[in-house]
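Residue numbering for the sequence shown follows UniProt numbering, beginning at 1 and increasing consecutively.
Where is the CB? At the ideal position from N, CA and C, for every residue including glycine.
Being a predicted model, the structure only gives us computed values, none of them experimental.
Written below as structure tokens is the structure these notes are about.
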Amino acid sequence: VRNRGDALQYASQELRCDRQIVMEAVKSDGRALRYASEGLKGDKEVVLEAVKNAPPRDPLLRYASQELRGCREVVLLAIRKDLSNLQFASPELRRDRELVLDFFRLPPLGERVLSRGPLPYWRANTFSKVRTWNFQNDRRAFLAAARHDGKRGLAFAAPELWSSRETVLEVVRTNGSALQLASDELRSDREVVLEALRNRGDMLDIVAPELRRD
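Structure representation (structure tokens):
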């Protein structure tokens, strides 16, 4: 199992209960967690190791015990690895406001956050994917998401957030492309437009005509 974690599926029930063997298996391939004993699926260290070594687009939280699906540390690590793990978190954590804020603050597991340049694939449009959190009208979550999210994701925010000059001004300072989603009135607002252009100079085409001549 050190070389091929999924070989755990061929092990006896006794060996699937052996913590050392299972730990070696999930270090090699996080997906080996599915073949571990029920007891070890409830072992926090084993599950965290499995999450760290899971391949993309394979939500391993579904194999964890119900108790660990309600563990904030485990769930946060899991959704940083793959957002689809969220569907397997406990109902309480799916409604946890601080969890969504932490999700947007932290980088994904094993990825380097870029402060400039293209949006990393792991964060593009994620605000649209967390609708189960019901935070579309939450200003703090919206501003946290705006630092990383694509405009398609931010489009799912509540209209009242987009109609707030103060909120939009703060958003375009960190995500100039969000200017495309602002109201015509705010696209004609000189201060809002200047902040957006400082972040993304290629947004000039969508500003009000009178400001293009400024």
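{"query": "Extent of the continuous alpha helix (DSSP H) to which lysine 52 belongs", "result": "44-52"}
{"query": "DSSP-derived helix/strand/coil call for valine 171", "result": "helix"}
{"query": "Neighbour-count burial assignment, arginine 31, 16 or more Cβ in a 10 Å radius", "result": "buried"}
{"query": "Close-in-space but distant-in-sequence residues of the same chain around asparagine 137 (CB under 7 Å, 5 per side omitted)", "result": "Ala158, Glu160 and Leu161"}
{"query": "Test: leucine 99 CB closer than 9 Å to a CB of chain B", "result": "You won't find chain B in this structure, because it holds only one protein chain."}
{"query": "Straight-line Cα distance separating arginine 2 from proline 55", "result": "16 Å"}
{"query": "Residues near alanine 64 by beta carbon distance below 7 Å, same chain, minus five either side", "result": "Lys41, Val47 and Val74"}
{"query": "From Asp202, Leu68, Ala11 and Val193, residue whose alpha carbon lies closest to that of leucine 211", "result": "Val193"}
{"query": "C-beta contact flag for threonine 174 and arginine 139 at 9 Å", "result": "no"}
{"query": "Local conformation of aspartate 82 per DSSP, three classes", "result": "coil"}
{"query": "Same chain, Cβ closer than 6 Å to glycine 176, neighbours up to 5 away in sequence not counted", "result": "Ala196, Asn199, Arg200 and Met203"}
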